[in-house]
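Note sheet for the following structure.
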Amino acid sequence: MRIAVIGAGGVGGYFGAQLARAGADVAFVARGRQLAALRERGLVVESEAGPVALPRVDATDDPAAVGPVDAALLCVKMWDVEATAPRLAPLVERGGVVIPFQNGVDAPAMLRAALPADAVAGGTAQIAATIRAPGVIAHTGTLARLRVGTFADTRAAPVDAFVAASRAAGIDCARVNDVEAALWEKFSFLASFAGLTAAARVPIGRIRADPAMRATLHAALREVVTLGRTRGVALAADLAQRQLAFCDTLPDGMRSSQLNDLLAGGRIEAPWLSGAVVRMGEADGVPTPVHATLYAVLRPYVDGRPA
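FYI, in the working numbering the residues of the sequence shown are 18 to 324.
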């Protein structure tokens, strides 16, 4: 199976390495120091689940140079999706699909504005991974899960083939029937987890151990679940409580990628996380006071560390 990984950061680097190790034909699209390291030294994954070392990988900065693929995994940050979308057309011109794995719920619509609608699938990735150094991905804990699905059945075959290839690589990957619900289930967790860890500058262990912060996390989860249900998404009424219980299973030191980006002085995805909750809540008449506060606190850091 021919797979393109667009963005070789924590998500793309980890899952792309696992697929390549198992024998899939994987091409990485990267830039800057990460691209240079991939070309010169290959890709290394440091993980409690098992290390991976690939001395040689196929890497480029041009999606068109990769040619048509069965599946293109879009793993760039949200702020790059709109500009990247038109460059993906050559990858799916022979029936392939783009599977976006961004945080938030806005990426599929952005892609459909530039690509054939049936070429856009949906995906969620649950993993704590980041670039420790150029060409080196550090995976915290053992959680590494993918869920994918189609919005249109006309290109179901490449999605099914990707699921099969992922499972053959030992990845916890499954196809879901309602990908919209899957996106919102992750969104409810991620927007709340990322917003609170970044605003408080502490990992999840500190938040769940403090009664006031734990209650705030639970309230944030409830806001997103209520919003999704109001918008007609098939979310379980007890999802917020189950997501809070899921947080109790995470490693104490687990930090959101948004917190990592903030501490590094880089851009953060708050406009597509807590900011999106606030925007949709205002449009639908759903109060979102916790996320409004989190977004207000994080707004000065959206474009990087303030001068």
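Where is the CB? At the ideal position from N, CA and C, for every residue including glycine.
Would you mind sorting L280 into buried or exposed? The rule is 16 or more other CB atoms within 10 Å of its CB. exposed
Go through its chain and collect everything with a Cβ distance to P268's Cβ below 7 Å, but skip five positions before and after it. Only T157, G158 meet the Cβ criterion.
Rounded to the nearest angstrom, what separates V180 and A136 at their Cα positions? 16 Å
Cut-off 7 Å between Cβ atoms - residues of its own chain near F204, not counting five sequence neighbours on either side: Apart from the 5 residues on each side of it in sequence, F204 sits with its Cβ closer than 7 Å to the Cβ of G121, V122, V241 in its chain, given in chain order.
Do you know offhand how far A300's Cα is from A293's? 11 Å
I need the boundaries of the alpha helix (DSSP H) containing I224, first residue and last residue. 221–226
Is it buried or exposed for E65, if we count other Cβ within 10 angstroms and need 16 for buried? exposed
The segment 106–122 contacting the segment 74–90, beta-carbon criterion three pairs below 8 Å: yes
Closest residue to I224 among M271, V193, I154 (Cα-Cα distance): M271
Tell me whether C190 sits in a helix, a strand or coil according to DSSP, three-state version. Strand.
Could you tell me whether the Cβ atoms of L36 and V43 are closer together than 8 Å? Result yes, Cβ atoms of L36 and V43 sit closer than 8 Å.
With three or more beta-carbon pairs closer than 8 Å as the criterion, would you say the segment 22–41 touches the segment 134–150? Verdict: yes, contact present.
Coarse secondary structure for L132, derived from DSSP in three states: Correct three-state label for L132: coil.
According to the neighbour-count rule (16 or more other Cβ atoms, all chains shown, within 10 Å of its Cβ), is R73 buried or exposed? exposed
Exposed or buried, D87, counting other C-beta atoms within 10 Å across all chains shown (16 or more means buried)? buried
Name, in chain order, the residues that DSSP records as bridge partners for F45. V22, A76
Any idea if G245 is buried or exposed, counting beta-carbon neighbours within 10 angstroms, 16 or more meaning buried? Result: buried.
When you compare only the Cα positions, how much space is there between Q275 and A215? 6 Å
Under 6 Å Cβ to Cβ from A124, same chain only, skipping five residues before and after it: list those, please. Counting only residues of its own chain and dropping the five nearest sequence neighbours on each side, A124 has a CB closer than 6 Å to the CB of V98, P117.
Going by DSSP in three states, Q51 sits in which element: helix, strand or coil? Under the three-state reduction of DSSP output, Q51 falls in the helix class.
In this structure, how does DSSP classify R284 when only helix, strand and coil are distinguished? It is coil, neither helix nor strand.
Which same chain residues end up closer than 6 Å to V15 when comparing Cβ atoms and leaving out the 5 residues on each side of it in sequence? Any property of residue 15 remains undetermined from this structure, which presents the chain solely from 18 to 324.
Sheet register partners of G139 (DSSP bridge): G166
Out of P175, A130, V28, state which residue places its alpha-carbon closest to the alpha-carbon of M18. P175
Nearest residue (CA-CA) to T243, options L261, P304, R284: P304
Helix, strand or coil for S64 per DSSP? strand
Quick one: grab the DSSP three-state call for T233. helix
Let's see if you can read the secondary structure: which residues bound the beta strand (DSSP E) around L36? Run containing L36: none in the beta strand (DSSP E); it sits in the alpha helix (DSSP H), 27–38.
According to DSSP, is G270 part of a helix, a strand, or is it coil? coil
So, at 7 Å on beta carbons, what are the nonlocal neighbours of A236 in its own chain, with the 5 sequence-adjacent residues on each side left out? V307
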